[in-house]
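Here is the structure we will look at.
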Amino acid sequence: MKSITIKGSERESVGKVATKALRNAGLVPCVLYGGKQAVHFSAEEIAFKNLVYTPNAHTVAIELGSKKYNAILQDIQVHPVSDRILHIDFFELFDDKEITMEVPVRVLGVSPGVLLGGVLRLNQRRLKVKALPKNLPDFIDADISPLEMGNKLYVTKLVSDKYKLLHPDNTVVAQVRISRAAMKAAQEAAKAAKAPTKKK
11 MKSITIKGSE
21 RESVGKVATK
31 ALRNAGLVPC
41 VLYGGKQAVH
51 FSAEEIAFKN
61 LVYTPNAHTV
71 AIELGSKKYN
81 AILQDIQVHP
91 VSDRILHIDF
101 FELFDDKEIT
111 MEVPVRVLGV
121 SPGVLLGGVL
131 RLNQRRLKVK
141 ALPKNLPDFI
151 DADISPLEMG
161 NKLYVTKLVS
171 DKYKLLHPDN
181 TVVAQVRISR
191 AAMKAAQEAA
201 KAAKAPTKKK
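Numbering-wise, the sequence shown is residues 11 to 210 according to the working numbering.
Here it is, written out as structure tokens:
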């Protein structure tokens, strides 16, 4: 999985006054969990642009002076009006410990059902994955090329040796639904087939 580097600085004061002062200075207060003790730090708001405002999933390399941590974004608080980032929680990664995170689904192939007028519906745009950090995928590929009209692609078709998908086996990732136009055409064709032919 691709990594984004965030450079920041540790903060000693974690009270409301100190936090407000950070935000006024264009900085985002953050906390890194998962290690022996929580690490409080701050970084410039612009540093999180490629991490937060993207549909893709990334790991994060946090650099605080000489200290470096690998992590994932766990939670984010955004101002309801201005959309400014108020606070971010990260979770530290360790090479020998599995981690759970959501990974985007990438559709591959061409569905015969869609070519015949069906409508592709992506039921799951992200899937929850559990894996060692080195095995976290950038995307989970969903091949829709076997899908005929009315078919469904279940999560069981996306299994991998490198990670576990934390969803029930009956979870539908994508499906090809019959469009209204295709349904109407089928109904008209059925009526035509039933109608008695006029004798000349």
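Glycine included, C-beta positions come from ideal geometry on N, C-alpha and C.
query, result
"Is Ala71 helix, strand or coil by DSSP?", "strand"
"Please report the distance separating the alpha-carbon of Ser13 from that of His50.", "21 Å"
"Evaluate Glu102 with the Cβ neighbour count: other Cβ atoms within 10 Å of its Cβ, from every protein chain shown; 16 or more gives buried, anything less gives exposed.", "buried"
"Excluding the 5 residues preceding and the 5 following Ile82 in the sequence, name in chain order all residues of the same chain whose CB lies nearer than 6 Å to its CB.", "Thr69, Phe101, Met111"
"Measure the C-alpha to C-alpha separation of Ile114 and Ala141 and round it to an integer number of angstroms.", "Sequence check: residue 114 is Pro here, not Ile. Their backbone Cα atoms lie some 15 Å apart in a straight line."
"Just the Cα atoms here: how many angstroms apart are Leu137 and Pro143?", "16 Å"
"Which same chain residues, not among the five before or five after Asp179, have their C-beta less than 8 Å away from its C-beta?", "Tyr164, Val165, Thr166"
"Pick from Val169, His177, Ala203, Tyr79: whose alpha carbon is nearest that of Gly45?", "Tyr79"
"Indicate whether Val129 and Lys174 have their beta-carbon atoms separated by less than 9 Å.", "no"
"Below 7 Å CB to CB, which residues in the same chain sit around Asn34 once its five sequence neighbours on both sides are set aside?", "none"
"On the three-state DSSP scale, how would you describe Thr181?", "coil"
"Are there 16 or more other CB atoms within 10 angstroms of the CB of Gly75, so buried, or fewer, so exposed?", "exposed"
"With distances taken Cα to Cα, identify the nearest neighbour of Met159 among Leu125, Thr181, Leu176, Leu146.", "Leu125"
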